[in-house]
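Presented below is the structure to which this report refers.
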């Protein structure tokens, strides 16, 4: 993914993103909106959809590039932003790492961190409402209080399937950080375990089909 720079005025930010994507038009699969690259003074309400964010999202829609959002500071503060971006209807939005639904989103992985069920419920509610919202099931170790296979995430996985459907969920590797926390194989096997009772078509979507379609991969 390309990384949007929201530190510039709206027009300049959009032109910079368009120019960056033009350097390798077949390379970029999406555009990352890092909420905490926005000036601190701008972080309130639907700040990812302010004048700068709207201009950046216009470019994403024009180039058919999904917007990826990493909720480093927790999902709840971003609900108005995600609502506004999805309500446009002309661009797909992807939330990373289960939405970072835990008590201290920025803290180090720990079994003492509690899963933020209220934030996850907000995410699932948006998933039911907006068919252009997708969820990446990645970095299980960041939201689970257990070691692999992270069995405590099973009911949350079931809730995500109910809210999004398998065709808007995707496994993500979280490479290279996953290498320090059980490795890619353990992460992949966890999702295979979560989805063991789903139809094969749903499993195929989770484990590659959704990503291939959304990111226009071969």
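Numbering (this note's numbering), first residue to last: 10 to 227. Heads up, the beta-carbon is just placed ideally off N, CA and C, and yes, glycines get one too. Remember, predicted model here, so these are calculated numbers, not experimental data.
Host beta strand (DSSP E) of residue i (start-end)
| i | result |
| --- | --- |
| residue 42 | 40-42 |
Nearest-angstrom beta carbon gap, residue j and residue i [assumed within contact, 8 Å]
| i | j | result |
| --- | --- | --- |
| residue 146 | residue 180 | 5 Å |
| residue 15 | residue 61 | 5 Å |
| residue 77 | residue 105 | 6 Å |
| residue 167 | residue 219 | Not really, about 17 Å apart at Cβ, beyond 8 Å. |
| residue 224 | residue 38 | 4 Å |
| residue 58 | residue 40 | Going by Cβ atoms, the distance from residue 58 to residue 40 rounds to 14 Å, so no, they are not a contact pair. |
| residue 164 | residue 199 | So it is not a contact: roughly 14 Å between Cβ atoms. |
| residue 80 | residue 109 | 4 Å |
| residue 162 | residue 152 | 7 Å |
| residue 33 | residue 68 | Their Cβ separation, rounded to whole angstroms, is 15 Å, which puts residue 33 and residue 68 out of contact at 8 Å. |
| residue 51 | residue 30 | That pair is no contact at about 23 Å. |
| residue 17 | residue 25 | 6 Å |
| residue 154 | residue 122 | 6 Å |
Simplified DSSP state of residue i, which is helix, strand or coil
| i | result |
| --- | --- |
| residue 174 | coil |
| residue 37 | coil |
| residue 106 | helix |
| residue 143 | strand |
| residue 11 | strand |
| residue 78 | strand |
| residue 84 | coil |
| residue 205 | coil |
| residue 221 | helix |
| residue 47 | coil |
| residue 97 | helix |
| residue 111 | strand |
| residue 129 | helix |
| residue 184 | coil |
Proximity of residue i and residue j at Cβ, strictly below 8 Å
| i | j | result |
| --- | --- | --- |
| residue 112 | residue 85 | no |
| residue 101 | residue 143 | yes |
| residue 213 | residue 196 | no |
| residue 66 | residue 90 | no |
| residue 204 | residue 211 | yes |
| residue 187 | residue 148 | yes |
| residue 150 | residue 202 | no |
| residue 207 | residue 178 | no |
Bounding residues of the alpha helix (DSSP H) (the contiguous stretch that carries residue i)
| i | result |
| --- | --- |
| residue 64 | 60-72 |
| residue 156 | Note, residue 156: premise wrong, no alpha helix (DSSP H); not H, not E. |
| residue 22 | 19-31 |
Short CB-CB distance (under 8 Å) between residue i and chain D
| i | result |
| --- | --- |
| residue 87 | Chain labels in this structure do not include chain D; a single protein chain is all it has. |
### Query
Any chance the segment 95-108 sits against the segment 126-137, with 3 or more Cβ pairs inside 8 Å?
yes
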